[in-house]
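Chemist: The sequence shown: position 73 = 292 (my numbering), numbered continuously. I am attaching a structure below and will ask some questions about it afterwards.
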Amino acid sequence: MKLRYYLGLLVVGIGIALLITFFSPLASSEPDGLEKVAENEGFIAEAEDAPYEVIADYVLPWVDNEDLATILAGIIGVLIVATIALTAAFVLWRLRGAQRSTAGGAGPG
């Protein structure tokens with residue numbers, strides 16, 4: 220029963236995150252707070268690019284429509300983060316179950 224509850228929360232959470240990606244093209248194109256302060260204070264030139272970019276500027280270069288590219292980049296990002304989080308949760312669940320079984324308790328769940 221507890222597992223069903225958590226799976227329900229997971230589905231709702233991922234659903235909300237995916238729904239929000241459809242509104243991402245409506246976000247302001249103005250710089251964010253930190254970038255704006257760097258521009259105003261004159262040290263924006265000292266900023267360095269990230270050592271790598273999974274999806275540069277949240278846009279997919281092979282999609283011509285910029286709004287669609289932004290939405291698809293958001294969906295890909297949500298799926299990547301969900302996969303990493305679910306994998307970590309599964310590993311921790313298995314480890315916790317293994318610890319319980321060696322201690323004489325019941326398995327995971």
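Every residue, glycine too, gets a C-beta built ideally from N, C-alpha and C. Note that the structure is a prediction, hence the values are computed from the model and not measured.
Hey, Tyr271 and Gly293 are a contact pair by Cβ (cut 8 Å); roughly how many whole angstroms apart?
Modeler: Not confirmed; about 19 Å, so no contact.
Chemist: So what does DSSP say about Phe241, is it helix, strand or coil?
Modeler: Coil.
Chemist: Are three or more beta carbon pairs between the region 262-269 and the region 301-315 nearer than 8 Å?
Modeler: With the cut-off at 8 Å, the region 262-269 and the region 301-315 do not touch.
Chemist: Note down the Cα distance separating Glu285 from Leu279, rounded to an integer number of angstroms.
Modeler: Roughly 8 Å separates the two Cα atoms.
Chemist: Taking the CB atoms as reference points, tell me whether Ile274 and Thr240 lie closer together than 8 Å.
Modeler: Taking 8 Å as the Cβ cut-off, Ile274 and Thr240 do not qualify as a contacting pair.
Chemist: Determine the extent of the alpha helix (DSSP H) in which Phe309 is found, giving its start and end residues.
Modeler: Run containing Phe309: 285-321, per the alpha helix (DSSP H) assignment.
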